[in-house]
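A.B. asks:
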Amino acid sequence: MIKQHTESIGIDLKGRVNSMKLAERNMLQPVFEAIVNSIQAIEDAKISDGKIEIKIYRDPILEFGDSEPSIPSVQDFTVIDNGIGFDDENYNSFKRAYSTHKSERGGKGIGRFLWLKAFSDVKIESTYLKDDEVFQRDFKFNLFQDDGINVSSERKVDVTSLRVTKVILYGYKEPYKSRCPKKLETIAIRIIEHYLIYFLSKNCPIIVLADEEKEINLNTKFHEMTFTNSFTEQFQIKNIDFKITLLKWFEHEENTYNRISLCADHREVENFNINKILHDLNVKIYYEVNI
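If you read the sequence shown in the numbering used here, its first letter stands for residue 20, the second for the next number, and so on.
As structure tokens, this is what we get:
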């Protein structure tokens with residue numbers, strides 16, 4: 020039996036989304052929000068074989084005569100994980116406008132609103148366990164109607180069904196679409212940069228980025244970029260153990276500042292420009308090789 024209905028997010032959703040600020044340079048932030056949700060869902064599932072797939076879908080390729088076709092713009096993203104899923108607890112949290120469900124992890128309960136800032140429509144398909152049975156919940160999240168959550172359904176499925184959640188972000192809006200990198204490699208590096216603390220963890224799930232033509236294992240990519248360019252040392256302050264990791268990061272296509280990230284419980288708590296405490300490091304550092 021399928022239960023199908025429309026539910027409300029509990030606020031003036033259009034007004035909330037319109038009032039949110041999202042700089043063009045942060046065009047991937049809504050995608051990052053979906054990825055971190057997947058990471059946390061895998062943590063909640065307490066599994067050792069966690070996997071996240073990030074799929075990119077592009078505009079149709081336009082060819083003119085014998086000219087070399089350019090890389091089409093990104094139109095949609097899909098983020099897939101095998102985490103705990105949208106069970107009743109997580110779904111009810113999703114419906115609360117300013118949920119504190121993930122406050123201990125630094126969550127502010129507003130990340131999903133960024134999806135609607137940058138995308139026209141969001142569809143969620145999630146298979147999860149409830150009372151030792153397998154259920155699937157599907158719903159849409161958009162601004163097409165005031166209620167926000169559109170056509171929510173839940174049904175029991177075959178017990179052999181795999182636990183999987185898909186968050187599909189449809190219809191990249193301007194100006195974010197035009198600012199989004201087109202090269203898969205560039206998007207891969209941006210994701211790795213944003214989640215450095217997770218990639219440094221031995222518990223990091225497998226994260227794969229793919230489009231119609233190519234697939235990049237981000238864990239492997241991170242290892243290739245850092246295994247000869249990192250240094251780690253442990254130390255104590257007042258009998259409290261700390262670990263510092265220095266990464267030489269050469270891959271960013273734009274000038275960026277030298278950053279310190281303060282992390283606890285495998286998460287970034289705060290980051291700031293290292294120039295605030297070491298004033299001589301206010302420029303890009305160049306690596307010199309003597310041959």
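Glycine included, each C-beta is placed from N, C-alpha and C at the ideal position.
Here the structure is a predicted model, which is why all the values come from computation and not from measurement.
Within a Cβ cutoff of 8 Å, which residues of the same chain sit near residue 235, ignoring the five residues on either side of it in sequence?
C.D. replies: Reading the sequence shown from its first residue, position 216 is the one you call residue 235. Here the set comprises 203, 204, 207, 227, 228 and 229.
A.B. asks: Starting from residue 136 and walking both ways along the beta strand (DSSP E), at which residues does that stretch end?
C.D. replies: Stepping through the sequence shown from its first residue, residue 136 is reached at position 117. From DSSP, residue 136 is part of no beta strand (DSSP E) but of the alpha helix (DSSP H) over 130–137.
A.B. asks: Suppose you measure from the CA of residue 167 to the CA of residue 97; what does that come to, to the nearest Å?
C.D. replies: Residue 167 sits at position 148 when you count from the first residue of the sequence shown. Residue 97 sits at position 78 when you count from the first residue of the sequence shown. Their backbone Cα atoms lie some 20 Å apart in a straight line.
A.B. asks: Look up residue 265 in the DSSP assignment and say whether it is helix, strand or coil.
C.D. replies: Your numbering for residue 265 matches position 246 in the sequence shown. It is a strand residue.
A.B. asks: In angstroms, rounded to a whole number, what distance separates the CA positions of residue 323 and residue 133?
C.D. replies: Given that the chain is displayed from residue 20 to residue 310, the structure contains no residue 323 and the question cannot be resolved.
A.B. asks: How would you write the range of the beta strand (DSSP E) that residue 171 sits in, first residue to last?
C.D. replies: Along the sequence shown, one-based indexing puts residue 171 at 152. Note, residue 171: beta strand (DSSP E), 167–175.
A.B. asks: If I measure Cβ to Cβ from residue 145 and keep anything under 6 Å in the same chain, skipping five residues before and after, which residues do I get?
C.D. replies: As a first step, residue 145 must be located in the sequence shown, where it is residue number 126. Closer than 6 Å at the Cβ level, and outside the excluded window around residue 145, lie 104, 105, 156 and 184.
A.B. asks: Excluding the 5 residues preceding and the 5 following residue 223 in the sequence, name in chain order all residues of the same chain whose CB lies nearer than 6 Å to its CB.
C.D. replies: Numbered from 1 along the sequence shown, position 204 holds the residue referred to as residue 223. The residues are 217.
A.B. asks: Which residues in the same chain as residue 263 place their Cβ atom closer than 6 Å to its Cβ, once the five residues preceding and following it in sequence are excluded?
C.D. replies: Looking up residue 263 in the sequence shown gives position 244. So the qualifying residues of the chain are 252.
A.B. asks: Measure the beta-carbon distance from residue 62 to residue 194 and round it to whole angstroms, keeping in mind my assumption that it falls under 8 Å.
C.D. replies: For the purposes of this step, residue 62 is taken as residue 43 along the sequence shown, with counting starting at 1. For the purposes of this step, residue 194 is taken as residue 175 along the sequence shown, with counting starting at 1. 34 Å between Cβ atoms; not a contact.
A.B. asks: Should residue 255 go down as buried or exposed, given a rule of 16 or more other Cβ atoms within 10 Å for buried?
C.D. replies: Mapped onto the sequence shown, residue 255 falls at position 236. It is exposed - the Cβ of residue 255 has fewer than 16 other Cβ atoms within 10 Å.
A.B. asks: Mark residue 165 as exposed unless 16 or more other C-beta atoms lie within 10 angstroms of its C-beta, in which case mark it buried.
C.D. replies: Translated into the one-based positions of the sequence shown, residue 165 becomes position 146. Label assigned to residue 165: exposed.
A.B. asks: Who are the near neighbours of residue 182 in its chain, counting only those whose CB is closer than 7 Å to its CB and skipping five residues on each side?
C.D. replies: Here residue 182 corresponds to residue number 163 of the sequence shown, with the count starting at 1. 101, 104, 146, 147 and 148, listed in sequence order.
A.B. asks: Per DSSP, what are the beta-bridge partners of residue 77 in this structure?
C.D. replies: In the sequence shown, residue 77 corresponds to position 58, counting from 1. Residue 77 is bridged to 93.
A.B. asks: Indicate the three-state DSSP secondary structure (helix, strand or coil) for residue 209 in the structure shown.
C.D. replies: By 1-based counting over the sequence shown, the position of residue 209 is 190. Helix, per DSSP.
A.B. asks: Return yes when the Cβ of residue 225 is within less than 8 Å of the Cβ of residue 74, no when it is not.
C.D. replies: Within the sequence shown, residue 74 is the residue found at index 55, counting from 1. Within the sequence shown, residue 225 is the residue found at index 206, counting from 1. The answer is no: Cβ separation not under 8 Å.
A.B. asks: Short of 7 Å in beta carbon distance, which residues of its chain neighbour residue 48, apart from the five on each side in sequence? Order them along the chain.
C.D. replies: The residue you call residue 48 lines up with position 29 of the sequence shown. Same-chain partners within the cutoff: 41 and 133.
A.B. asks: Apart from the five residues on each side of it in sequence, which residues of its chain come closer than 7 Å, Cβ to Cβ, to residue 130?
C.D. replies: As a first step, residue 130 is located in the sequence shown; it is residue number 111 there, counting from the start. 52.
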